[in-house]
């Protein structure tokens with residue numbers, strides 16, 4: 008947070024400048040231009056919000072028209088890859104942080120360097136988020152949104168068990184003790200729910216004080232800290248949370264469990280708030296417990312321009328507007344879309360006042376200790392290797408050290 | 029005594045047969061019933077644990093949301109238009125090619141036919157990028173033509189109809205040729221009417237395949253909403269982190285209604301064709 012606070016003054020001042028600067032980039036031509044923008048985060052709930060951002064942009068730039076294309080996240084990359092491979096990539100599109108490097112290194116993205124300071128105001132963004140969309144020192148994208156993961160807990164279940172609510176000072180030990188007390192398998196009530204997956208593992212690894220890759224870029228997650236993290240994750244199914252067999256194949260199993268009041272603690276993201284407020288469950292949130300240290304997961308989406316676009320100047324203007332303009336920030340916050348990745352505390356004031364959860368400040372407190380996922384070119388394969396290793400430990404009782412050693416060797420095979 | 033035990037065992041056999049058939053019916057129809065019921069459930073209702081069967085209270089909101097979120101009718105019209113056009117064209121190309129393979133002697137016929145069959149083994153995923161590039165070079169990306177062109181020749185259809193033609197006695201064509209008929213007359217007026225049930229069955233398969241096809245419409249219609257088909261539109265109802273299953277189910281019900289209607293209209297012929305090919309087989 009300290010880093011954030013320091014940059015508030017600059018950011019607020021910059022806010023006004025962005026709009027002005029955005030209209031003045033010398034390269035933008037006056038002829039009519041149609042830009043395409045491909046996104047996975049708008050459909051189905053935020054199409055109108057995106058339309059209003061587009062309308063505001065077009066009002067500022069009457070010669071530019073933005074055509075929005077949408078796809079569901081699950082189908083998005085199939086379509087995007089075909090379009091890029093087929094030589095007709097959309098002018099601008101959305102990428103999540105984990106996939107960003109793959110596209111940056113494949114040469115598909117426009118280098119935005121010449122627009123930084125001229126159309127793009129770097130002070131407008133969270134420094135860490137802005138840095139996330141660079142590769143080898145080149146700015147290939149702008150951070151658009153972030154969502155993070157917190158510990159969501161059911162206050163009623165804690166009250167009934169006579170336990171104190173979780174605090175930001177909790178570590179794994181306090182969490183485990185509470186989860187065991189709260190679990191009542193016969194009543195179908197479970198203490199905690201944390202998916203056994205790559206995304207939970209890299210974060211738990213950081214919480215245990217370990218690193219995923221060492222300084223030389225070799226997989227280092229088979230360390231004692233990695234074993235601790237894997238043990239923390241794999242010990243839960245079948246004890247304080249349902250077995251993987253129970254969960255398997257049921258979509259949104261955890262959401263259903265929590266909203267029906269049968270889950271005490273849930274590691275999940277801030278995108279759940281709207282649904283939780285509808286469900287009527289009495290809940291609050293807190294920063295996730297760490298172990299050796301705190302570490303929180305952040306999902307970031309960015310906007311990029313295609314290297315082959317015919318209109319690079321307009322494309323840069325549009326993604327700067329899409330990610331940083333006051334219109335965008337207000338629209339995203341008002342519709343509880345994902346949070347804009349701008350460093351602008353004033354804009355977030357209204358967001359913080361919405362309850363529940365009462366402790367909404369935890370969303371920002373979590374940003375003090377961020378663990379970004381390790382990212383390599385063959386990202387998806389790496390994620391699968393780690394997730395499968397963890398599942399082997401749970402399902403087949405594989406030895407944790409051996410499973411991690413094998414996974415580390417496989418990941419080295421991907422990067423080497 | 030003997031008589032009575034025989035009638036008892038007959039009753040037992042009937043009862044057990046009905047039990048097995050009822051169990052099969054429940055297994056087959058169950059998911060559809062669940063889909064329809066889920067499509068009229070509220071958000072809270074569908075997330076309840078343990079899951080409930082009957083919607084309480086039932087709601088029509090999900091259907092309204094499907095229609096409000098996307099240009100649903102446009103997508104439906106696209107789907108219907110493409111499916112009808114594609115089915116018609118597939119019938120024309122497949123029946124003519126099948127006639128040629130079954131009745132006309134020409135050099136390389138068997139090699140060509142084997143090549144046709146071989147294309148059935150290549151999954152779409154393998155050729156999708158080259159196909160996309162081809163469409164781009166033709167300037168057809170995001171057009172009805174691009175949606176339609178790759179689907180209008182079906183090697184499966186050629187195979188199916190060729191087998192049907194082969195099952196017809198050659199004496200029929202010979203008699204017609206003696207009367208002065210040409211190939212086209214024999215094809216259109218003599219043989220085609222005789223394989224009508226197989227044609228109807230293939231029409232159902234072709235219609236269903238086009239109606240449900242996903243991957244190709246997904247990549248080729250992406251540039252705008254103009255040519256998007258229902259399954260692609262429907263997939264956009266999936267959120268990244270969570271999905272409103274009741275809305276998806278409402279969309280699914282709306283998507284399968286035309287298929288069910290088409291099947292009900294043609295089922296007489298489909299069943300006859302299965303019986304027909306069974307007898308001849």
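Residue numbers (the working numbering), protein chains in the order written: chain A, 8 to 423; chain B, 29 to 309.
Even glycine gets a Cβ: it sits at the ideal position worked out from N, Cα and C.
As the structure is a prediction and not an experimental result, all values here were calculated from the model.
Against residue i, what residues of chain A qualify as contacts under a CB-to-CB distance less than 8 Å, listed in chain order?
i, result
"residue 252 of chain B", "74 and 76"
"residue 239 of chain B", "Per Cβ cutoff of 8 Å: no residues; residue 239 of chain B is ~18 Å from chain A at best."
"residue 156 of chain B", "89"
Name, in chain order, the residues that DSSP records as bridge partners for residue i.
i, result
"residue 308 of chain A", "A:103 and A:152"
"residue 72 of chain A", "A:41"
"residue 160 of chain A", "A:272 and A:291"
"residue 199 of chain A", "A:272"
"residue 80 of chain A", "Looking at the DSSP assignment, residue 80 of chain A forms no beta bridge with any residue, so it has no partner."
"residue 271 of chain B", "B:266"
"residue 248 of chain A", "A:244"
"residue 145 of chain A", "A:142"
"residue 127 of chain A", "A:123"
"residue 450 of chain A", "In this structure chain A extends from 8 to 423, so residue 450 of chain A is not present and cannot be described."
"residue 303 of chain A", "A:377"
"residue 267 of chain A", "Residue 267 of chain A pairs with nothing; no bridge assigned."
"residue 313 of chain A", "A:116"
"residue 346 of chain A", "A:153"
Classify residue i: buried if its beta carbon has 16 or more other beta carbons within 10 angstroms, exposed otherwise.
i, result
"residue 206 of chain B", "exposed"
"residue 332 of chain A", "buried"
"residue 207 of chain A", "buried"
"residue 160 of chain B", "buried"
"residue 28 of chain A", "Note that residue 28 of chain A has pLDDT 42, beneath the 50 cutoff, so the model's placement of it is unreliable and the number below is only indicative. Residue 28 of chain A should be labelled buried."
"residue 132 of chain B", "exposed"
"residue 404 of chain A", "exposed"
"residue 387 of chain A", "exposed"
"residue 229 of chain A", "buried"
"residue 361 of chain A", "exposed"
"residue 158 of chain B", "exposed"
"residue 90 of chain B", "buried"
"residue 136 of chain B", "exposed"
"residue 99 of chain A", "buried"
"residue 217 of chain A", "buried"
"residue 313 of chain A", "buried"
"residue 30 of chain A", "Low local confidence applies: a pLDDT of 42 at residue 30 of chain A is under 50, so the model's placement there is unreliable, with the coordinate-based value given in what follows. It is exposed - the Cβ of residue 30 of chain A has fewer than 16 other Cβ atoms within 10 Å."
"residue 107 of chain B", "buried"
"residue 309 of chain A", "buried"
"residue 45 of chain B", "exposed"
"residue 148 of chain B", "exposed"
"residue 41 of chain A", "exposed"
"residue 274 of chain B", "buried"
"residue 33 of chain A", "A caution first: residue 33 of chain A carries a pLDDT of 43, below 50, which makes its placement in the model unreliable, though a value can still be read off. Looking at its Cβ environment, which holds fewer than 16 other Cβ atoms inside 10 Å, residue 33 of chain A is exposed."
Residue i versus chain B: which residues are under 9 Å apart at the beta carbon?
i, result
"residue 164 of chain A", "Neighbours of residue 164 of chain A on chain B: none; closest Cβ ~14 Å, over 9 Å."
Along chain B, which residues have their Cβ under 7 Å away from the Cβ of residue i?
i, result
"residue 278 of chain A", "269"
"residue 79 of chain A", "263, 264 and 266"
"residue 92 of chain A", "157"
Pull up the CB-CB distance for residue i and residue j, whole angstroms please, since I reckon it's below 8 Å.
i, j, result
"residue 299 of chain A", "residue 210 of chain A", "Incorrect: roughly 13 Å between the Cβ atoms, too far for contact."
"residue 63 of chain A", "residue 330 of chain A", "Actually they are not in contact, since the Cβ atoms of residue 63 of chain A and residue 330 of chain A sit about 13 Å apart, beyond 8 Å."
"residue 346 of chain A", "residue 237 of chain A", "Going by Cβ atoms, the distance from residue 346 of chain A to residue 237 of chain A rounds to 31 Å, so no, they are not a contact pair."
"residue 45 of chain A", "residue 101 of chain A", "7 Å"
Who are the neighbours of residue i on chain B, taking C-beta pairs under 8 Å?
i, result
"residue 47 of chain A", "268"
"residue 259 of chain A", "75, 270, 271 and 273"
"residue 285 of chain A", "71 and 72"
"residue 342 of chain A", "Here the premise fails: no neighbours, minimum Cβ distance about 14 Å."
"residue 43 of chain A", "251"
Give the interface partners of residue i over in chain A, defined as CB-CB distance under 9 Å, in chain order.
i, result
"residue 246 of chain B", "78, 82, 85, 86 and 89"
"residue 38 of chain B", "Result: empty, since nearest Cβ-Cβ is about 42 Å, beyond 9 Å."
"residue 54 of chain B", "Residues of chain A passing the Cβ test: none, with the nearest at roughly 20 Å."
"residue 97 of chain B", "50, 51, 52 and 54"
Does any heavy atom of the ligand SAH sit closer than 7 Å to the C-beta of residue i?
i, result
"residue 237 of chain A", "Absent from the structure shown: the ligand SAH. Ligands present: none."
Starting from residue i, find everything on chain A with Cβ-Cβ shorter than 7 Å and list it in chain order.
i, result
"residue 169 of chain B", "95"
Under 8 Å, CB to CB, which of the residues in the segment 49 to 63 of chain A have a partner in chain D? Included in the structure are the protein chains A and B, with no chain D among them.
Three or more beta-carbon pairs under 8 Å between the segment 117 to 129 of chain B and the segment 271 to 280 of chain B, yes or no? no
Could you tell me whether the segment 251 to 265 of chain A touches the segment 189 to 200 of chain A, where touching means 3 or more Cβ pairs closer than 8 Å? yes
Mind the definition here: the segment 365 to 376 of chain A touches the segment 281 to 299 of chain A only if three or more C-beta pairs lie below 8 Å; say whether that holds. yes
With three or more beta-carbon pairs closer than 8 Å as the criterion, would you say the segment 50 to 68 of chain B touches the segment 78 to 96 of chain B? yes
Would you call the segment 148 to 156 of chain A and the segment 327 to 344 of chain A touching, i.e. three or more CB-CB distances under 8 Å? yes
Pairing CB atoms from the segment 109 to 128 of chain A with CB atoms from the segment 264 to 284 of chain A, are three or more of them under 8 Å? no
Can we say the segment 126 to 142 of chain A touches the segment 340 to 356 of chain A, given the rule of at least three CB pairs closer than 8 Å? yes
Any contact of the segment 313 to 323 of chain A with the segment 154 to 166 of chain A, i.e. 3+ C-beta pairs under 8 Å? no
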